[in-house]
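Right, one structure below, let's go through it.
Numbering (the working numbering), first residue to last: 35 to 496.
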(Lines of atoms letter the chains of each structure in order from A; the text may use other names.)
(Lines give C-alpha, C1' and ligand atoms only; values in the text may rest on other atoms or scores of the structure.)
Protein backbone atom coordinates (compact mmCIF):
# COMPACT_ATOMS: atom_id res chain seq x y z
CA UNK A 35 0.00 0.00 0.00
CA UNK A 36 1.35 3.39 -0.98
CA UNK A 37 1.43 5.53 2.15
CA UNK A 38 3.86 8.36 1.42
CA UNK A 39 3.81 10.19 4.72
CA UNK A 40 4.14 7.25 7.15
CA UNK A 41 7.12 5.89 5.23
CA UNK A 42 9.29 8.72 6.46
CA UNK A 43 8.88 8.18 10.17
CA UNK A 44 11.56 9.29 12.62
CA UNK A 45 11.78 6.39 15.03
CA UNK A 46 13.04 7.60 18.35
CA UNK A 47 12.25 5.20 21.15
CA UNK A 48 9.30 3.47 19.67
CA UNK A 49 9.26 5.63 16.68
CA UNK A 50 7.06 8.43 15.60
CA UNK A 51 4.26 5.97 15.39
CA UNK A 52 3.63 5.74 19.08
CA UNK A 53 0.84 7.95 20.07
CA UNK A 54 -0.72 7.71 23.45
CA UNK A 55 2.07 5.38 23.95
CA UNK A 56 3.32 8.45 25.65
CA UNK A 57 6.32 8.77 23.36
CA UNK A 58 9.72 7.60 24.31
CA UNK A 59 10.92 7.62 27.84
CA UNK A 60 10.14 8.08 31.44
CA UNK A 61 7.31 8.80 33.81
CA UNK A 62 6.86 12.19 35.41
CA UNK A 63 6.36 12.10 39.14
CA UNK A 64 6.54 15.82 39.80
CA UNK A 65 4.84 19.03 38.71
CA UNK A 66 6.13 20.40 35.37
CA UNK A 67 8.15 23.58 35.54
CA UNK A 68 6.61 26.77 34.14
CA UNK A 69 9.31 27.59 31.61
CA UNK A 70 9.41 27.44 27.84
CA UNK A 71 12.58 25.37 27.70
CA UNK A 72 12.43 21.62 28.33
CA UNK A 73 14.22 20.11 31.29
CA UNK A 74 17.92 19.55 30.75
CA UNK A 75 18.34 16.34 32.72
CA UNK A 76 18.74 13.40 30.35
CA UNK A 77 18.27 9.80 31.33
CA UNK A 78 20.76 7.78 29.26
CA UNK A 79 19.73 4.60 27.45
CA UNK A 80 19.75 1.57 29.72
CA UNK A 81 22.09 -0.35 27.43
CA UNK A 82 24.10 0.15 24.28
CA UNK A 83 23.12 -1.35 20.96
CA UNK A 84 25.18 -3.90 19.07
CA UNK A 85 27.00 -2.35 16.12
CA UNK A 86 25.28 -2.08 12.79
CA UNK A 87 26.62 -4.28 9.99
CA UNK A 88 29.45 -2.62 8.10
CA UNK A 89 28.94 -2.86 4.36
CA UNK A 90 29.46 -0.41 1.51
CA UNK A 91 26.48 1.35 0.00
CA UNK A 92 25.55 0.48 -3.54
CA UNK A 93 26.70 3.08 -6.09
CA UNK A 94 23.07 4.18 -6.49
CA UNK A 95 22.57 4.69 -2.76
CA UNK A 96 25.92 6.42 -2.40
CA UNK A 97 24.95 8.85 -5.16
CA UNK A 98 21.57 9.39 -3.50
CA UNK A 99 23.23 10.16 -0.17
CA UNK A 100 25.49 12.82 -1.71
CA UNK A 101 22.65 14.35 -3.71
CA UNK A 102 20.05 14.34 -0.92
CA UNK A 103 22.45 15.49 1.79
CA UNK A 104 23.30 18.56 -0.28
CA UNK A 105 19.63 19.31 -0.96
CA UNK A 106 18.63 18.90 2.69
CA UNK A 107 21.37 21.22 3.91
CA UNK A 108 20.52 23.89 1.33
CA UNK A 109 16.78 23.83 1.95
CA UNK A 110 17.09 23.66 5.74
CA UNK A 111 19.82 26.33 5.70
CA UNK A 112 22.13 24.31 7.95
CA UNK A 113 25.64 23.07 7.25
CA UNK A 114 26.79 19.51 7.86
CA UNK A 115 29.20 19.24 10.77
CA UNK A 116 30.22 15.78 9.58
CA UNK A 117 29.28 13.46 6.75
CA UNK A 118 25.82 11.98 7.39
CA UNK A 119 25.68 8.23 7.90
CA UNK A 120 23.52 5.81 5.94
CA UNK A 121 23.19 2.04 6.31
CA UNK A 122 21.20 -0.39 4.19
CA UNK A 123 19.59 -3.25 6.15
CA UNK A 124 17.77 -6.41 5.23
CA UNK A 125 14.18 -6.77 6.39
CA UNK A 126 15.27 -8.94 9.32
CA UNK A 127 18.02 -6.52 10.34
CA UNK A 128 15.69 -3.56 10.03
CA UNK A 129 12.99 -5.14 12.18
CA UNK A 130 15.54 -6.26 14.76
CA UNK A 131 17.02 -2.78 15.00
CA UNK A 132 13.60 -1.22 15.48
CA UNK A 133 12.94 -3.56 18.39
CA UNK A 134 16.35 -2.88 19.92
CA UNK A 135 15.84 0.88 19.77
CA UNK A 136 12.41 0.59 21.37
CA UNK A 137 13.70 -1.57 24.22
CA UNK A 138 16.76 0.60 24.78
CA UNK A 139 14.97 3.91 24.98
CA UNK A 140 11.70 3.14 26.69
CA UNK A 141 10.57 -0.47 26.97
CA UNK A 142 10.09 -0.46 30.74
CA UNK A 143 8.44 2.95 30.72
CA UNK A 144 6.01 1.88 28.02
CA UNK A 145 4.98 -1.11 30.08
CA UNK A 146 4.22 1.19 33.01
CA UNK A 147 2.31 3.54 30.73
CA UNK A 148 0.39 0.57 29.37
CA UNK A 149 -0.79 0.10 32.93
CA UNK A 150 -2.03 3.71 33.04
CA UNK A 151 -3.90 3.41 29.74
CA UNK A 152 -5.49 0.08 30.70
CA UNK A 153 -6.43 1.32 34.19
CA UNK A 154 -8.20 4.27 32.58
CA UNK A 155 -10.09 2.10 30.14
CA UNK A 156 -8.22 3.92 27.36
CA UNK A 157 -6.82 0.68 25.95
CA UNK A 158 -8.07 -2.91 26.36
CA UNK A 159 -6.88 -5.21 29.14
CA UNK A 160 -3.60 -6.91 28.29
CA UNK A 161 -2.39 -4.20 25.90
CA UNK A 162 1.40 -3.96 25.79
CA UNK A 163 2.34 -0.61 24.26
CA UNK A 164 5.98 -1.59 23.79
CA UNK A 165 5.04 -4.56 21.61
CA UNK A 166 2.31 -2.61 19.86
CA UNK A 167 4.74 0.20 19.05
CA UNK A 168 7.22 -2.15 17.42
CA UNK A 169 4.44 -3.64 15.31
CA UNK A 170 3.23 -0.17 14.34
CA UNK A 171 6.72 0.87 13.33
CA UNK A 172 7.36 -2.24 11.26
CA UNK A 173 4.18 -1.60 9.28
CA UNK A 174 4.67 2.13 8.85
CA UNK A 175 8.15 2.78 7.52
CA UNK A 176 10.70 1.99 4.86
CA UNK A 177 13.41 4.42 5.95
CA UNK A 178 14.16 5.97 9.33
CA UNK A 179 16.75 8.03 11.14
CA UNK A 180 18.18 6.42 14.28
CA UNK A 181 19.66 8.97 16.70
CA UNK A 182 21.28 6.14 18.67
CA UNK A 183 23.25 5.07 15.60
CA UNK A 184 23.35 8.54 14.02
CA UNK A 185 22.48 6.81 10.77
CA UNK A 186 19.72 6.94 8.19
CA UNK A 187 18.55 3.33 7.96
CA UNK A 188 16.98 2.07 4.74
CA UNK A 189 15.49 -1.29 3.89
CA UNK A 190 17.26 -3.33 1.23
CA UNK A 191 15.92 -2.61 -2.24
CA UNK A 192 12.70 -4.40 -3.18
CA UNK A 193 9.36 -3.43 -4.66
CA UNK A 194 7.86 -2.67 -1.25
CA UNK A 195 10.46 -0.10 -0.28
CA UNK A 196 11.20 1.50 -3.63
CA UNK A 197 9.20 4.59 -2.66
CA UNK A 198 11.37 5.05 0.43
CA UNK A 199 14.32 5.70 -1.88
CA UNK A 200 12.83 8.75 -3.60
CA UNK A 201 14.81 11.92 -3.08
CA UNK A 202 11.97 13.74 -1.32
CA UNK A 203 11.47 11.01 1.28
CA UNK A 204 15.18 10.56 1.91
CA UNK A 205 15.48 14.34 2.24
CA UNK A 206 13.11 14.07 5.20
CA UNK A 207 15.41 11.60 6.93
CA UNK A 208 18.53 13.63 6.23
CA UNK A 209 16.87 16.66 7.79
CA UNK A 210 16.62 14.57 10.97
CA UNK A 211 20.35 13.90 10.71
CA UNK A 212 20.96 17.66 10.41
CA UNK A 213 18.71 18.31 13.41
CA UNK A 214 20.70 15.82 15.42
CA UNK A 215 24.04 17.39 14.53
CA UNK A 216 22.86 20.88 15.48
CA UNK A 217 20.31 20.36 18.27
CA UNK A 218 21.12 16.94 19.81
CA UNK A 219 17.81 15.15 19.39
CA UNK A 220 18.28 12.72 22.27
CA UNK A 221 18.81 15.57 24.76
CA UNK A 222 15.81 17.39 23.34
CA UNK A 223 13.39 14.47 23.25
CA UNK A 224 14.53 12.50 26.30
CA UNK A 225 14.58 15.47 28.69
CA UNK A 226 13.29 14.86 32.21
CA UNK A 227 10.96 15.11 34.01
CA UNK A 228 8.95 13.31 31.34
CA UNK A 229 5.71 14.86 30.14
CA UNK A 230 3.74 13.16 27.35
CA UNK A 231 2.05 16.31 26.13
CA UNK A 232 5.30 18.27 25.95
CA UNK A 233 7.08 15.31 24.35
CA UNK A 234 4.42 15.11 21.62
CA UNK A 235 4.85 18.84 20.98
CA UNK A 236 8.61 18.29 20.58
CA UNK A 237 8.06 15.35 18.24
CA UNK A 238 5.73 17.57 16.20
CA UNK A 239 8.50 20.17 15.94
CA UNK A 240 11.06 17.58 14.83
CA UNK A 241 8.74 15.88 12.34
CA UNK A 242 7.11 19.11 11.22
CA UNK A 243 10.50 20.63 10.45
CA UNK A 244 11.48 17.64 8.30
CA UNK A 245 8.06 17.50 6.64
CA UNK A 246 8.20 21.21 5.89
CA UNK A 247 11.52 20.77 4.08
CA UNK A 248 10.19 17.70 2.25
CA UNK A 249 7.12 19.55 1.00
CA UNK A 250 9.16 22.56 -0.11
CA UNK A 251 11.46 20.13 -1.93
CA UNK A 252 8.47 18.56 -3.68
CA UNK A 253 6.41 21.68 -4.41
CA UNK A 254 8.97 24.45 -4.80
CA UNK A 255 7.73 28.05 -4.36
CA UNK A 256 4.10 26.88 -4.60
CA UNK A 257 4.31 25.57 -1.03
CA UNK A 258 4.85 29.05 0.41
CA UNK A 259 1.85 30.38 -1.50
CA UNK A 260 -0.57 27.89 0.04
CA UNK A 261 -2.63 28.98 3.02
CA UNK A 262 -1.98 27.29 6.35
CA UNK A 263 -5.46 25.78 6.15
CA UNK A 264 -4.66 24.29 2.74
CA UNK A 265 -1.42 22.86 4.10
CA UNK A 266 -3.23 21.16 6.99
CA UNK A 267 -5.98 19.87 4.67
CA UNK A 268 -3.45 18.51 2.18
CA UNK A 269 -1.51 16.70 4.87
CA UNK A 270 -4.72 15.27 6.34
CA UNK A 271 -5.76 13.97 2.92
CA UNK A 272 -2.39 12.27 2.50
CA UNK A 273 -3.19 10.18 5.57
CA UNK A 274 -6.67 9.14 4.42
CA UNK A 275 -5.39 5.88 2.92
CA UNK A 276 -3.26 5.32 5.99
CA UNK A 277 -6.31 5.66 8.27
CA UNK A 278 -8.23 3.11 6.22
CA UNK A 279 -5.29 0.69 6.12
CA UNK A 280 -2.67 0.52 8.86
CA UNK A 281 -4.41 3.07 11.07
CA UNK A 282 -7.56 0.98 11.24
CA UNK A 283 -5.62 -1.77 13.03
CA UNK A 284 -4.71 0.46 15.99
CA UNK A 285 -6.66 2.57 18.54
CA UNK A 286 -7.50 6.11 17.37
CA UNK A 287 -5.32 7.42 20.19
CA UNK A 288 -2.24 6.00 18.47
CA UNK A 289 -3.33 6.81 14.94
CA UNK A 290 -4.31 10.43 15.54
CA UNK A 291 -1.27 11.30 17.65
CA UNK A 292 0.99 9.85 14.95
CA UNK A 293 -0.76 11.95 12.29
CA UNK A 294 -0.57 15.02 14.54
CA UNK A 295 3.22 14.92 14.46
CA UNK A 296 3.29 15.23 10.68
CA UNK A 297 0.16 17.13 9.70
CA UNK A 298 0.05 19.66 12.53
CA UNK A 299 3.81 19.74 12.94
CA UNK A 300 4.28 20.85 9.32
CA UNK A 301 1.59 23.50 9.66
CA UNK A 302 3.08 24.74 12.96
CA UNK A 303 6.58 25.16 11.55
CA UNK A 304 5.28 26.95 8.47
CA UNK A 305 3.09 29.23 10.61
CA UNK A 306 6.07 30.31 12.71
CA UNK A 307 8.18 30.86 9.58
CA UNK A 308 5.43 33.18 8.30
CA UNK A 309 4.90 35.01 11.61
CA UNK A 310 5.35 38.76 11.82
CA UNK A 311 8.13 39.31 12.52
CA UNK A 312 9.24 36.07 10.81
CA UNK A 313 11.07 33.57 13.01
CA UNK A 314 13.56 30.94 11.94
CA UNK A 315 12.98 27.26 12.61
CA UNK A 316 16.23 27.24 14.58
CA UNK A 317 14.68 29.68 17.05
CA UNK A 318 11.87 27.21 17.81
CA UNK A 319 14.46 24.64 18.91
CA UNK A 320 15.89 27.18 21.34
CA UNK A 321 12.41 27.86 22.77
CA UNK A 322 10.27 24.85 21.81
CA UNK A 323 6.51 24.51 22.34
CA UNK A 324 5.50 23.21 25.74
CA UNK A 325 2.22 21.56 24.77
CA UNK A 326 0.41 20.01 21.86
CA UNK A 327 -2.07 22.90 22.20
CA UNK A 328 0.66 25.33 21.16
CA UNK A 329 1.35 23.21 18.06
CA UNK A 330 -2.33 22.90 17.15
CA UNK A 331 -2.78 26.65 17.68
CA UNK A 332 0.49 28.38 16.67
CA UNK A 333 -0.86 31.76 17.77
CA UNK A 334 -0.85 30.46 21.34
CA UNK A 335 2.82 29.49 21.03
CA UNK A 336 3.65 32.99 19.77
CA UNK A 337 1.62 34.57 22.57
CA UNK A 338 3.45 32.51 25.19
CA UNK A 339 6.78 33.25 23.52
CA UNK A 340 6.28 37.00 23.63
CA UNK A 341 4.42 37.14 26.93
CA UNK A 342 1.40 38.63 25.15
CA UNK A 343 -1.08 36.05 26.39
CA UNK A 344 -1.85 33.41 29.04
CA UNK A 345 -1.38 30.39 26.83
CA UNK A 346 0.92 28.24 28.93
CA UNK A 347 -0.57 24.91 30.04
CA UNK A 348 -2.09 25.14 33.52
CA UNK A 349 -0.57 23.00 36.23
CA UNK A 350 -2.89 20.23 37.44
CA UNK A 351 -2.30 17.72 40.23
CA UNK A 352 -3.85 15.64 42.96
CA UNK A 353 -2.46 15.21 46.47
CA UNK A 354 -0.38 12.07 45.95
CA UNK A 355 0.72 12.02 49.59
CA UNK A 356 -2.86 11.55 50.72
CA UNK A 357 -3.22 8.56 48.42
CA UNK A 358 0.15 7.16 49.49
CA UNK A 359 -0.92 7.44 53.12
CA UNK A 360 -4.14 5.65 52.19
CA UNK A 361 -2.19 2.65 50.87
CA UNK A 362 -1.95 3.64 47.20
CA UNK A 363 1.37 3.89 45.35
CA UNK A 364 1.82 6.15 42.34
CA UNK A 365 2.75 4.03 39.30
CA UNK A 366 2.55 6.61 36.51
CA UNK A 367 1.56 10.22 35.98
CA UNK A 368 1.52 12.48 32.93
CA UNK A 369 -0.53 15.15 31.17
CA UNK A 370 -2.26 13.95 28.00
CA UNK A 371 -2.70 17.38 26.41
CA UNK A 372 -5.14 18.55 23.79
CA UNK A 373 -3.99 15.96 21.26
CA UNK A 374 -4.32 13.16 23.82
CA UNK A 375 -7.85 14.28 24.70
CA UNK A 376 -8.76 14.45 21.01
CA UNK A 377 -7.39 10.98 20.25
CA UNK A 378 -9.07 9.45 23.28
CA UNK A 379 -12.48 10.89 22.39
CA UNK A 380 -12.21 9.67 18.79
CA UNK A 381 -12.67 6.11 20.07
CA UNK A 382 -16.38 6.87 20.41
CA UNK A 383 -17.08 10.40 19.17
CA UNK A 384 -17.05 11.65 15.53
CA UNK A 385 -13.78 13.32 14.60
CA UNK A 386 -15.10 16.88 14.31
CA UNK A 387 -16.86 16.65 17.66
CA UNK A 388 -13.72 15.30 19.30
CA UNK A 389 -11.65 18.16 17.86
CA UNK A 390 -14.17 20.73 19.08
CA UNK A 391 -14.48 19.18 22.56
CA UNK A 392 -10.68 19.10 23.02
CA UNK A 393 -10.08 22.63 21.74
CA UNK A 394 -10.80 24.38 25.06
CA UNK A 395 -8.14 22.37 26.91
CA UNK A 396 -6.30 24.32 29.60
CA UNK A 397 -4.33 21.59 31.37
CA UNK A 398 -4.61 18.06 32.75
CA UNK A 399 -2.86 15.21 34.50
CA UNK A 400 -3.64 11.48 34.51
CA UNK A 401 -2.51 9.12 37.29
CA UNK A 402 -2.57 5.43 37.93
CA UNK A 403 -2.28 4.30 41.56
CA UNK A 404 -1.88 0.76 42.80
CA UNK A 405 -2.39 -0.69 46.25
CA UNK A 406 0.82 -1.42 48.12
CA UNK A 407 1.89 -4.96 47.33
CA UNK A 408 -0.78 -5.17 44.66
CA UNK A 409 -0.43 -6.13 41.04
CA UNK A 410 -3.48 -8.37 40.83
CA UNK A 411 -6.66 -7.48 38.99
CA UNK A 412 -8.85 -4.84 40.59
CA UNK A 413 -6.07 -3.05 42.51
CA UNK A 414 -5.45 -0.19 40.05
CA UNK A 415 -7.00 3.25 40.40
CA UNK A 416 -7.11 5.74 37.51
CA UNK A 417 -7.56 9.46 38.18
CA UNK A 418 -7.65 12.08 35.45
CA UNK A 419 -8.17 15.73 36.31
CA UNK A 420 -8.67 18.22 33.46
CA UNK A 421 -9.09 22.02 33.50
CA UNK A 422 -10.54 24.11 30.69
CA UNK A 423 -10.34 27.65 29.40
CA UNK A 424 -13.99 28.32 30.24
CA UNK A 425 -16.82 26.56 32.04
CA UNK A 426 -18.51 26.09 28.66
CA UNK A 427 -15.43 24.22 27.40
CA UNK A 428 -15.52 21.94 30.45
CA UNK A 429 -19.21 21.26 29.83
CA UNK A 430 -18.52 20.37 26.20
CA UNK A 431 -15.77 17.93 27.18
CA UNK A 432 -17.97 16.42 29.91
CA UNK A 433 -20.75 15.80 27.38
CA UNK A 434 -18.26 14.34 24.86
CA UNK A 435 -16.79 12.03 27.49
CA UNK A 436 -20.30 10.90 28.35
CA UNK A 437 -20.91 10.16 24.67
CA UNK A 438 -17.70 8.11 24.65
CA UNK A 439 -18.91 6.09 27.64
CA UNK A 440 -22.33 5.60 26.07
CA UNK A 441 -20.63 4.34 22.92
CA UNK A 442 -18.63 1.83 24.93
CA UNK A 443 -21.58 0.86 27.10
CA UNK A 444 -23.58 0.15 23.94
CA UNK A 445 -20.91 -2.25 22.71
CA UNK A 446 -20.20 -4.16 25.93
CA UNK A 447 -22.78 -6.56 27.32
CA UNK A 448 -23.51 -6.02 30.99
CA UNK A 449 -22.19 -2.44 31.08
CA UNK A 450 -24.40 0.50 31.93
CA UNK A 451 -24.21 4.29 32.08
CA UNK A 452 -26.37 6.32 34.41
CA UNK A 453 -26.51 9.91 35.69
CA UNK A 454 -24.95 10.29 39.11
CA UNK A 455 -26.36 13.78 39.64
CA UNK A 456 -26.78 16.99 37.67
CA UNK A 457 -23.06 17.15 36.82
CA UNK A 458 -22.00 13.55 37.32
CA UNK A 459 -22.00 10.35 35.29
CA UNK A 460 -21.47 6.81 36.57
CA UNK A 461 -20.47 3.98 34.27
CA UNK A 462 -20.53 0.43 35.59
CA UNK A 463 -18.55 -2.36 33.84
CA UNK A 464 -18.24 -5.67 35.66
CA UNK A 465 -16.35 -4.92 38.92
CA UNK A 466 -15.16 -1.50 37.70
CA UNK A 467 -16.85 1.83 38.18
CA UNK A 468 -16.13 5.09 36.36
CA UNK A 469 -17.29 8.41 37.82
CA UNK A 470 -17.11 11.59 35.71
CA UNK A 471 -17.77 14.86 37.54
CA UNK A 472 -18.11 18.38 36.18
CA UNK A 473 -17.17 21.20 38.57
CA UNK A 474 -16.90 24.69 37.15
CA UNK A 475 -14.08 24.75 34.61
CA UNK A 476 -12.77 21.29 35.54
CA UNK A 477 -13.74 17.67 34.87
CA UNK A 478 -12.64 14.76 37.04
CA UNK A 479 -12.58 11.13 35.86
CA UNK A 480 -12.03 8.35 38.41
CA UNK A 481 -12.05 4.67 37.48
CA UNK A 482 -11.34 1.63 39.62
CA UNK A 483 -12.78 -1.25 41.60
CA UNK A 484 -16.28 -0.41 42.77
CA UNK A 485 -15.29 -1.02 46.39
CA UNK A 486 -12.35 1.42 46.15
CA UNK A 487 -14.12 4.40 44.60
CA UNK A 488 -15.90 5.87 47.66
CA UNK A 489 -12.62 6.15 49.57
CA UNK A 490 -10.79 7.47 46.50
CA UNK A 491 -13.40 10.18 45.92
CA UNK A 492 -13.13 11.14 49.59
CA UNK A 493 -9.35 11.53 49.24
CA UNK A 494 -9.90 13.88 46.31
CA UNK A 495 -12.01 16.27 48.39
CA UNK A 496 -10.28 19.52 49.24
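Note that the Cβ used here is the ideal one computed from N, Cα and C, for glycine as well.
- Message: In whole angstroms, give me the CA-to-CA distance for residue 335 and residue 237.
- Response: The straight-line gap from Cα to Cα measures roughly 15 Å.
- Of the choices 281, 374, 433, 298, whose alpha-carbon is the least far from that of residue 264? The candidate whose alpha carbon is nearest that of residue 264 is 298.
- Query: Exposed or buried, residue 246, counting other C-beta atoms within 10 Å across all chains shown (16 or more means buried)?
  - Reply: By the neighbour-count rule (16 or more Cβ atoms within 10 Å), residue 246 is buried.
- Sequence-distant residues of the same chain with beta carbon closer than 6 Å to residue 325, five excluded per side: The beta carbon of residue 325 lies closer than 6 Å to those of 231, 235, 347, 371 in the same chain, with the five residues before and after it left out.
- Query: In chain order, what residues of the same chain have a beta carbon less than 6 Å from the beta carbon of residue 289, not counting five sequence neighbours either side?
  - Reply: Taking C-beta separations shorter than 6 Å and ignoring five residues to either side along the sequence, the partners of residue 289 in its chain run 281, following chain order.
- Unbroken beta strand (DSSP E) run spanning residue 417, endpoints: Taken as a continuous stretch (DSSP letters only), the beta strand (DSSP E) holding residue 417 covers 414-422.
- Item | Counted within 10 angstroms of its Cβ, other Cβ atoms place residue 295 as buried (16 or more) or exposed | Buried is the call here.
- Does the distance from the CB of residue 482 to the CB of residue 416 come in under 8 Å? Taking 8 Å as the cut-off, the Cβ atoms of residue 482 and residue 416 count as close.
- Mapping DSSP to helix, strand and coil, what is residue 229? In this structure, residue 229 counts as coil in the three-state DSSP scheme.
- Task: Please state whether DSSP places residue 72 in a helix, a strand or coil.
- Result: Any reading at residue 72 is ruled out, since the residue's pLDDT is 35, under 50, leaving its predicted position unreliable.
- Return the bridge partner residues of residue 395 from the DSSP annotation. Paired residue(s): 422.
- Excluding sequence positions up to five away, which residues of its chain have a Cβ less than 7 Å from the Cβ of residue 124? So the list reads 190, once near-sequence residues are dropped.
- Could you spell out where the beta strand (DSSP E) holding residue 476 opens and where it closes? Where residue 476 is concerned, the enclosing beta strand (DSSP E) starts and stops at 476-483.
- Should the region 199-209 be called in touch with the region 218-229, which here means at least 3 C-beta pairs below 8 Å? In this structure the region 199-209 does not lie against the region 218-229, because fewer than three pairs of beta carbons, one per stretch, are closer than 8 Å.
- Message: Bridge partners for residue 353 per DSSP, in chain order?
- Response: In the DSSP output, where bridge partners are listed per residue, residue 353 has none listed.
- With a CB to CB cut of under 8 Å and the five nearest residues on each side skipped, what residues in its chain are close to residue 250? These residues qualify, in order along the chain: 109, 257, 258.
- Query: Considering only C-alpha positions, which residue in the set 466, 403, 384 is nearest to residue 435?
  - Reply: Of the listed residues, the one whose Cα sits closest to residue 435 is 384.
- Exposure label - residue 486; buried when at least 16 CB within 10 Å: Buried is the call here.
- Given a threshold of 16 other Cβ atoms within 10 Å of its Cβ, counted over all protein chains shown, does residue 126 qualify as buried or as exposed? By the Cβ-count criterion, residue 126 is exposed, with fewer than 16 other Cβ atoms from all chains shown falling within 10 Å of its own Cβ.
- Message: According to DSSP, simplified to helix, strand and coil, what is residue 124?
- Response: Coil at residue 124, not helix or strand.
- Item | Inter-residue CB distance, residue 478 and residue 494 (contact presumed, cutoff 8 Å) | Rounded, the Cβ-Cβ distance is 7 Å, consistent with contact.
- Item | Terminal residues of the beta strand (DSSP E) in which residue 290 lies | For residue 290, there is no enclosing beta strand (DSSP E); the enclosing alpha helix (DSSP H) covers residues 286-307.
- Quickly, what does DSSP pair residue 405 with across the bridge? List them, please. DSSP lists 362 as partners of residue 405.
- Message: Using 8 Å as the cut-off, can you tell me whether the region 425-442 makes contact with the region 381-398, which would need three or more C-beta pairs spanning the two stretches below that distance?
- Response: The answer is yes - the region 381-398 touches the region 425-442, with three or more Cβ pairs under 8 Å.
- Task: Note the first and the last residue of the continuous alpha helix (DSSP H) segment covering residue 178.
- Result: Premise fails: residue 178 lies in the beta strand (DSSP E), 177-180, not in any alpha helix (DSSP H).
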